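The listed protein sequences derive, respectively, from chains U and G. Per the working numbering, the first sequence starts with residue 950, numbered consecutively. Per the working numbering, the second sequence starts with residue 50, numbered consecutively. Where is the CB? At the ideal position from N, CA and C, for every residue including glycine. Note that the coordinates shown come from a computational prediction; the quantities given were computed from them, not determined experimentally. Working notes, beginning with the structure itself.
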Amino acid sequence: SQTIHQWPATLVQPVGSPLSLECTVEGTSNPNLYWYRQAAGRGLQLLFYSVGIGQISSEVPQNLSASRPQDRQFILSSKKLLLSDSGFYLCAWTWTAGEQAFFGQGTRLTVV
Amino acid sequence: GESVGLHLPTLSVQEGDNSIINCAYSNSASDYFIWYKQESGKGPQFIIDIRSNMDKRQGQRVTVLLNKTVKHLSLQIAATQPGDSAVYFCAENLKSSGSARQLTFGSGTQLTV
Chain U
950 SQTIHQWPAT LVQPVGSPLS LECTVEGTSN PNLYWYRQAA GRGLQLLFYS
1000 VGIGQISSEV PQNLSASRPQ DRQFILSSKK LLLSDSGFYL CAWTWTAGEQ
1050 AFFGQGTRLT VV
Chain G
50 GESVGLHLPT LSVQEGDNSI INCAYSNSAS DYFIWYKQES GKGPQFIIDI
100 RSNMDKRQGQ RVTVLLNKTV KHLSLQIAAT QPGDSAVYFC AENLKSSGSA
150 RQLTFGSGTQ LTV
């Protein structure tokens, strides 16, 4: 069966510090991978998606970047965090045909 | 731009009653819709889906209805239980310019039982 792992679960970082959130998927090959951000009481905003190694599409201009160094690994990064980067970050994957998304448990990021 | 939205941000029901959560979408090209349940501090979980060639689909205690004419879908939960309390999102699947398909989510409805 397929599983998705996302860590850490919570993170408190000072403004200006770097960020690295990691997501890995097990039990499938060549998944489409996604990073979403969810502000408190709001819906999910798609940040990045990837259809393959090294292929990243950005949905919104922002202070964040994403990378996919391996088929089932997706990393969300920032060189210098802003207060506005606080939120709940969710990694998700879909089959190559890309219909139903499966989500990780999320990372609660607080920038102080 | 295209969007998926929900009519009501909150819904309170009594235990045992039926719940109906509504969702409107604006892209008539969308052909696949999903309902997710998100409990506090957790990632969304799949509940039920429906394709655009269907009007109704039933699961365990849940039913999704799709009205393509008015671009509306709803989630019905029968005999609502306290464990059903969560935020419910509808999502539509849009075909992007590439091979990837992207889910567009509504803002969610908080169901309180």
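Whose C-beta lies closer than 8 Å to the C-beta of residue i among residues of the same chain, with five residues either side of it excluded?
i                : result
E975 of chain U  : Q951, T952, I953, H954, R1021
Q1054 of chain U : Q955, A958
G108 of chain G  : I96, I97
At 9 Å on the CB atoms, spell out the chain U contacts of residue i, in chain order.
i              : result
Y81 of chain G : E1048, Q1049
Please state the DSSP three-state secondary structure of residue i.
i                : result
L57 of chain G   : Note that L57 of chain G scores 48 on pLDDT, short of 50, meaning its location in the model is unreliable; the coordinates nonetheless yield the value given after this. Reduced to three states, the DSSP call for L57 of chain G is coil.
S52 of chain G   : Low local confidence applies: a pLDDT of 46 at S52 of chain G is under 50, so the model's placement there is unreliable, and no value is given.
G147 of chain G  : Confidence at G147 of chain G is low in this model, with a pLDDT of 44, below 50, so its placement is unreliable and no value can be given for it.
D1034 of chain U : helix
Can you check which of these residues, the options, is closest to residue i by C-alpha distance?
i                : options                          : result
W984 of chain U  : U:G1003, U:S1007, U:G965, U:T959 : U:S1007
G1036 of chain U : U:L1025, U:P980, U:L1058         : U:L1058
Could you tell me the distance, in whole angstroms, from the CA atom of residue i to the CA atom of residue j?
i                : j                : result
I97 of chain G   : A989 of chain U  : 24 Å
S146 of chain G  : T158 of chain G  : Summary for S146 of chain G: the model assigns pLDDT 42, below 50, so the residue's position carries little reliability, and this model does not support an answer.
T1043 of chain U : T129 of chain G  : 30 Å
S969 of chain U  : L122 of chain G  : 37 Å
L1030 of chain U : S1014 of chain U : 11 Å
Q87 of chain G   : A135 of chain G  : 6 Å
Kindly list the residues whose CB is nearer than 6 Å to the CB of residue i, restricted to its own chain and excluding five residues on each side of it in sequence; keep chain order.
i               : result
T112 of chain G : Q125
E167 of chain G : The structure shown does not extend to residue 167 of chain G, since chain G is modelled only from 50 through 162, so no value can be given for it.
R106 of chain G : I99, V113
I70 of chain G  : L124, Y137, T158
L982 of chain U : S999, F1023, W1042
L995 of chain U : Y985, E1008
Mind pulling the chain G residues with CB within less than 9 Å of residue i?
i                : result
Q1054 of chain U : G90, K91, G92
Taking residue i as the query, report the chain U residues whose CB atoms sit under 7 Å from its CB, ordered along the chain.
i               : result
S134 of chain G : Per Cβ cutoff of 7 Å: no residues; S134 of chain G is ~15 Å from chain U at best.
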